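Inspection log for the structure reproduced underneath, given as structure tokens.
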Amino acid sequence: MDKYRLVVVLESKYFIHFDMYVNGVLTNPQHPICMKKEEFDRFFKIMFKGSRGNCVKMHSFSPPTQFYP
């Protein structure tokens with residue numbers, strides 16, 4: 119069974135930027151994935167149910183150094 123980790127890198131008023139790891143491997147090496155907060159919550163619930171509880175949402179301890187408007 120695959121294990122998923124959604125690491126929130128940056129959270130703004132309307133959007134969430136996150137990295138996605140599958141079995142410990144980063145799936146988006148270029149830049150974080152950006153979604154609206156409602157879409158991210160729905161995505162997490164679908165991933166959690168589909169993976170039978172093997173999906174974890176966490177926050178990054180090292181936020182990006184570049185500026186996001």
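Throughout, the numbering used here is defined as the position within the sequence shown, counted from one, plus 118. Every residue, glycine too, gets a C-beta built ideally from N, C-alpha and C. Keep in mind that this is a model prediction, so the values were computed, not measured.
Strand pairing of residue i, partner residues [DSSP]
| i | result |
| --- | --- |
| residue 123 | 139 and 174 |
| residue 131 | None, per the DSSP bridge assignment. |
| residue 153 | 134 |
Option in the options with minimal Cα separation from residue i
| i | options | result |
| --- | --- | --- |
| residue 132 | 167, 157 and 174 | 157 |
| residue 142 | 154, 152, 120 and 151 | 120 |
| residue 148 | 165, 164 and 138 | 138 |
Residue environment, residue i, which counts as buried when at least 16 other CB atoms sit within 10 Å
| i | result |
| --- | --- |
| residue 135 | buried |
Tell me whether the segment 167-180 and the segment 122-129 touch, counting them as touching only if at least three CB pairs, one residue from each stretch, are closer than 8 Å. yes
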